[in-house]
Every structure is written in C-alpha cells, then in structure tokens.
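Novice: Numbering follows the numbering used here, with no gaps: position 403 of the sequence shown is 404.
In this text, a Cβ means the ideal position worked out from N, Cα and C, and glycines have one as well.
In this text the structure is predicted, and so the values were computed from the model without any measurement.
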Amino acid sequence: MKSNWLMLTIGDVCTLITDGAHNSPKSVKNGYPMVSVKDFSDYGFNFSNCKQISKDDYAKLSKQGCVPKKGDILVGKDGARYFQDIIVYCQDEEPALLSSIAILRPNSNVITSKFLYYTLKSPLMIKNVRDNYGSGSAIPRIVLRDFKRMPLSIPQIEEQNRITTLLSSIDSKIKLNSEINNNLEQQAQTLFNSWFEDFIPFNGKTPSEWHTGHLEDIAKINTKSFNPAKNPNVMLEHYSIPAFDEKRYPVFELSDEIKSNKYILSPDSVLASKLNPDTKRVWRPICMTTNAVCSTEFIVFESLQSEYKDFLYSIIDSEKFSNWMRSHTTGSTNSRQRTTPAKTLEFEIVIPPENIIIDYCSLVTPIYNLISENIKENQRLATLRDVLLPQLMSGELDVSNIEL
Numbered sequence: 002m003k004s005n006w007l008m009l010t011i012g013d014v015c016t017l018i019t020d021g022a023h024n025s026p027k028s029v030k031n032g033y034p035m036v037s038v039k040d041f042s043d044y045g046f047n048f049s050n051c052k053q054i055s056k057d058d059y060a061k062l063s064k065q066g067c068v069p070k071k072g073d074i075l076v077g078k079d080g081a082r083y084f085q086d087i088i089v090y091c092q093d094e095e096p097a098l099l100s101s102i103a104i105l106r107p108n109s110n111v112i113t114s115k116f117l118y119y120t121l122k123s124p125l126m127i128k129n130v131r132d133n134y135g136s137g138s139a140i141p142r143i144v145l146r147d148f149k150r151m152p153l154s155i156p157q158i159e160e161q162n163r164i165t166t167l168l169s170s171i172d173s174k175i176k177l178n179s180e181i182n183n184n185l186e187q188q189a190q191t192l193f194n195s196w197f198e199d200f201i202p203f204n205g206k207t208p209s210e211w212h213t214g215h216l217e218d219i220a221k222i223n224t225k226s227f228n229p230a231k232n233p234n235v236m237l238e239h240y241s242i243p244a245f246d247e248k249r250y251p252v253f254e255l256s257d258e259i260k261s262n263k264y265i266l267s268p269d270s271v272l273a274s275k276l277n278p279d280t281k282r283v284w285r286p287i288c289m290t291t292n293a294v295c296s297t298e299f300i301v302f303e304s305l306q307s308e309y310k311d312f313l314y315s316i317i318d319s320e321k322f323s324n325w326m327r328s329h330t331t332g333s334t335n336s337r338q339r340t341t342p343a344k345t346l347e348f349e350i351v352i353p354p355e356n357i358i359i360d361y362c363s364l365v366t367p368i369y370n371l372i373s374e375n376i377k378e379n380q381r382l383a384t385l386r387d388v389l390l391p392q393l394m395s396g397e398l399d400v401s402n403i404e405l
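(1) From which residue to which residue does the beta strand (DSSP E) around M35 run?
(2) What span of residues does the beta strand (DSSP E) with M394 cover, start to end?
(3) Please classify N277 as buried or exposed, where buried requires at least 16 other C-beta atoms within 10 Å of its C-beta.
(4) On the criterion of 16 or more Cβ atoms from any shown chain inside 10 Å, does I287 qualify as buried, or is it exposed?
(5) Please check the pair E238 and P251, which I expect to be a contact at CB under 8 angstroms, by giving their CB distance rounded to whole angstroms.
(6) Count the other CB atoms within 10 Å of the CB of H60; is the residue buried (16 or more) or exposed (fewer)?
(7) Cα separation between H212 and Y90?
(8) According to the neighbour-count rule (16 or more other Cβ atoms, all chains shown, within 10 Å of its Cβ), is A22 buried or exposed?
(9) Rounded to the nearest angstrom, what separates E254 and I54 at their Cα positions?
(10) To which residues does DSSP link A273 through a beta bridge?
(11) Our contact map puts I372 next to L185 with C-beta atoms below 8 angstroms; I'd like the distance itself, whole angstroms only.
(12) Is it buried or exposed for S173, if we count other Cβ within 10 angstroms and need 16 for buried?
(13) Ends of the alpha helix (DSSP H) at T213?
(14) Does R150 pass the burial test, meaning 16 or more other C-beta atoms within 10 Å, or should it be called exposed?
(15) DSSP puts M236 in a beta bridge; with which residues?
(16) At what residue ranges does the region 70 to 111 contain a whole run of the beta strand (DSSP E), taking only runs of 3 or more?
(17) Return the Cβ separation of P96 and V36 in integer angstroms, given the expectation that the two are a contact with Cβ distance under 8 angstroms.
(18) Within 8 angstroms (strictly less), CB to CB, does A230 reach chain D?
(19) Using only the alpha-carbon positions, how far apart do D40 and P243 sit?
(20) For G205, count the other beta carbons within 10 Å of its own beta carbon; 16 or more makes it buried, fewer makes it exposed. Which is it?
(21) Looking only at its chain, what residues have a beta carbon closer than 6 angstroms to the beta carbon of C51, apart from the 5 residues adjacent to it on each side?
(22) Does DSSP put L346 in a helix, a strand or coil?
(23) So, is N47 buried or exposed, given that buried needs 16 or more other C-beta atoms within 10 angstroms?
(24) Does the structure place the region 152 to 168 close enough to the region 130 to 144 that three or more beta carbon pairs sit under 8 angstroms?
(25) On a Cα-Cα basis, can you pick out the residue from V111, Y83 and S241 that is closest to V38?
(26) When you compare only the Cα positions, how much space is there between Y369 and R249?
(27) Short of 6 angstroms in beta carbon distance, which residues of its chain neighbour E217, apart from the five on each side in sequence? Order them along the chain.
(28) Does the Cβ of I102 have 16 or more other Cβ atoms within 10 Å, making it buried, or fewer, making it exposed?
(29) With a 10 Å radius around its C-beta and 16 neighbouring C-beta atoms as the bar for buried, classify S49 as buried or exposed.
(30) Which of helix, strand or coil does DSSP assign to V294?
(31) Are the region 188 to 196 and the region 139 to 149 touching, with three or more C-beta to C-beta distances below 8 angstroms?
(32) Starting from A1 and walking both ways along the beta strand (DSSP E), at which residues does that stretch end?
(33) Between N379 and I88, which are expected to be in contact by the criterion C-beta below 8 angstroms, what is the C-beta distance as a whole number of angstroms?
(34) How far does the alpha helix (DSSP H) with I140 in it extend, from its first residue to its last?
(35) Just to confirm, is the Cβ distance from I18 to L168 under 8 angstroms?
(36) Note down the Cα distance separating P268 from D311, rounded to an integer number of angstroms.
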C-alpha cells in the first residue's frame with residue numbers, strides 16, 4: 002500500500018450496510034419486482050421471471066432499506082452464491098431485495114462505487130471475507146455486523162478514478178462482446194426460423210422436394226468416454242454444467258482432479274444438457290485442444306455429415322427442440338429430471354435437400370464462429386483484468402500517467 006493511501010473499514014466508507022427482506026411477501030400480478038440472488042446477471046438483474054409484490058409491501062420494504070439505488074454495491078451474501086456475485090447496481094428499476102443480497106451504499110465523498118466494487122472483487126479481499134467474516138454454519142453467509150469492520154486501503158478520489166478507468170475499459174469491452182454475441186445469437190435463430198419454420202425464402206410453404214424425418218436421420222449420439230483414472234496428468238478442456246452456467250467457457254484442469262468419466266468431444270460435437278431441461282443449456286464447443294471432454298450430463302450430438310454441423314446445432318438450439326426435451330423427461334422432481342438421450346433422436350424435423358443445408362450453413366457458420374471468437378477474447382480480457390486487479394488495488398502499479 003502506498004504511503005498516501007488511507008486504511009479504513011467498510012463501515013467507514015459506506016452510509017448504508019444492510020440486507021434484503023427476511024420474509025418474502027405474497028406474489029401478485031403486475032406489481033413491483035422483488036428479486037433474489039438467482040436473478041443476478043452480469044451487470045444487473047434479469048427481471049423476466051422475478052416475483053411481483055404489491056405496492057404496499059414494496060413501500061414497507063423500501064422503508065426498511067431493502068431497495069437499492071443506482072451506485073449501490075450488491076453482494077450475494079449466503080449459500081452457493083456466497084460472496085461470488087458482486088455488482089454495481091446501474092439499472093433504472095428499483096426492485097425489492099431478498100435477504101440473500103447485501104446492500105452497500107458508498108459515501109461518494111470518500112470512495113467511488115467502482116473502486117469499492119473492484120476492491121471487493123480482488124482475490125485478497127475475497128479470501129479475507131471467506132476466512133474472517135462468514136457465519137461458520139453449514140450454509141456459509143456473510144455476517145454484516147462483522148463485515149462492517151473489514152479493513153480496506155483507499156487512495157484519493159482522483160487516483161481511484163484512474164484505477165477504475167483502466168479496469169472499467171476492460172469490463173466494457175467484455176460487456177460489448179457479450180451484447181454483440183446476444184445479437185448474433187438472435188440473428189442466427191431468426192435465420193433458422195425464417196428458413197425452416199416459416200419458409201420465407203421458399204414462398205412461405207414447404208417445398209415439395211423436402212421431406213419430414215427425425216433427428217436420427219441427420220445426427221447420432223456419441224458416448225465415447227474418457228476415464229481420468231486411466232489417463233493421469235492430462236490437461237483437459239472440460240465442458241461442465243457449472244462452466245456453462247458461469248461463462249460458457251470450458252475449464253482447463255488436469256485429469257487427476259476429475260473423479261468421474263467424461264464424454265470425448267470432437268470439432269463436430271454439439272451439446273445439450275439432459276439435466277433439468279427447463280433450464281436450456283445448448284453448447285457449441287470451441288474445442289481449442291485435442292483433449293476436449295464434457296460432463297455426462299450433456300448429450301453429445303454429432304452430424305452424420307460434418308458439413309451439416311451448424312444445421313444440427315440450429316435445430317438443437319431451437320425453441321421447438323427445447324420444448325420437446327421438456328416434455329420428454331423422467332424423474333419426479335426438478336432437481337432430478339432428465340431427458341432420455343435416445344428419445345431426442347425421435348424429434349421430428351423437416352429435411353431439405355443437401356444444397357439448401359449447405360447454403361444455410363454458409364450463412365450461419367460465420368455467425369457462430371464469430372460468437373466463439375468473442376467468447377475467447379472475453380476470456381483473455383478477463384484473465385488480463387484479474388492479473389491487474391490485485392496490483393492496482395494494492396497501489397503496486399503506478400496509474401499517475403493515465404489520463405481521465
């Protein structure tokens with residue numbers, strides 16, 4: 002820490018430190034949004050499936066300090082998301098929050114929202130929180146009365162702004178790439194629907210030379226497995242359910258660290274999770290190495306003809322296929338529901354002539370490839386940010402020459 006940095010506590014730099022409602026009010030239609038940590042997105046909240054509460058309940062929770070303002074720091078404070086999700090709240094909506102989320106309101110005269118955010122995201126701070134400010138119970142959680150005493154070092158506001166300008170520029174590029182990818186995915190889905198559901202390029206009707214078939218007519222399921230116990234010290238490109246949920250990027254880890262068999266992937270593989278199909282998980286693996294594997298909770302589809310891969314992926318990614326998977330599950334509870342892999346090959350599809358499939362792939366494959374390149378760039382940027390973060394937040398790197 003530089004000599005001119007101040008040593009303060011979280012309580013010193015925040016005008017409010019609280020958590021959300023401990024009881025969830027009754028749900029209503031067309032009310033005010035109430036969110037929990039499950040509604041976190043990368044840069045705010047996803048309100049599409051959140052609970053709605055009455056105006057009166059919302060007013061009560063607002064008086065209790067359970068409603069965030071722009072610039073507040075929101076932290077997932079317990080359970081599986083314990084100090085994992087941290088955001089600067091920037092949205093116009095002011096939802097009521099459940100107790101799984103802590104609210105920190107920085108004193109802008111002492112510390113900026115972004116500087117506090119990046120301080121909390123630094124590895125040393127994360128370790129400090131986990132080691133010293135948790136409950137120690139079976140369900141880990143931040144104890145706010147202790148958390149207020151957590152020390153942190155801060156420079157003057159001008160230097161805070163220099164540091165966060167550098168880090169924010171990296172995060173802004175990551176966000177832009179993510180937005181571009183969302184747009185590209187929508188374009189690809191629109192193109193598929195136009196060609197193979199609405200038949201717009203074909204006068205709105207199914208051409209006579211096309212025929213109805215099933216997924217098994219163009220694809221197979223690959224179950225070739227990799228046994229980590231028999232293949233020690235191999236660096237694997239591992240496509241897991243958690244990796245998909247976190248950032249849709251594989252984890253690179255040694256086979257020694259993996260306890261169960263995995264499916265072997267090829268550049269022609271397309272993945273769909275058979276686990277809890279109500280949550281759509283469709284993945285087009287990048288396969289950056291020759292040691293790509295995936296969880297056996299994924300179904301590994303491969304096109305019978307390699308050049309049809311992205312036609313197959315578009316089918317797997319379609320809403321009709323997702324709905325079909327949801328309607329063909331086994332298991333009595335959401336946590337154990339699965340789609341039977343062999344049944345997916347019975348999904349009915351319209352099969353056009355080869356030249357139509359090739360023409361379609363010539364349009365959609367560049368879109369999917371660009372999405373993959375943006376995902377890889379985001380990973381490189383995130384790695385750079387995470388390397389710089391502890392050095393910047395400790396004052397180890399000089400930022401005096403950065404122009405604001």
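Specialist: Based on what the coordinates show:
(1) Y33 to V36
(2) Note, M394: premise wrong, no beta strand (DSSP E); alpha helix (DSSP H) at E355 to M394.
(3) buried
(4) buried
(5) 5 angstroms
(6) It is Ala, not His, that sits at residue 60 in the sequence shown. By the neighbour-count rule (16 or more Cβ atoms within 10 Å), A60 is not buried but exposed.
(7) 51 angstroms
(8) buried
(9) 44 angstroms
(10) V283 and I300
(11) 5 angstroms
(12) exposed
(13) Counting along the chain, T213 falls outside any alpha helix (DSSP H), though it belongs to the beta strand (DSSP E) covering H212 to H215.
(14) exposed
(15) L255
(16) 74 to 77, 87 to 89 and 102 to 107
(17) 5 angstroms
(18) Note that chain D does not occur in the displayed structure, where there is just one protein chain.
(19) 16 angstroms
(20) exposed
(21) P34, V36 and D40
(22) coil
(23) exposed
(24) no
(25) Y83
(26) 14 angstroms
(27) L346
(28) buried
(29) exposed
(30) strand
(31) no
(32) Summary: the structure shown does not reach residue 1, with the chain confined to residues 2 through 405, and so no result is reported for it.
(33) Not really, about 17 angstroms apart at Cβ, beyond 8 angstroms.
(34) No alpha helix (DSSP H) contains I140, which DSSP labels as neither H nor E.
(35) no
(36) 11 angstroms
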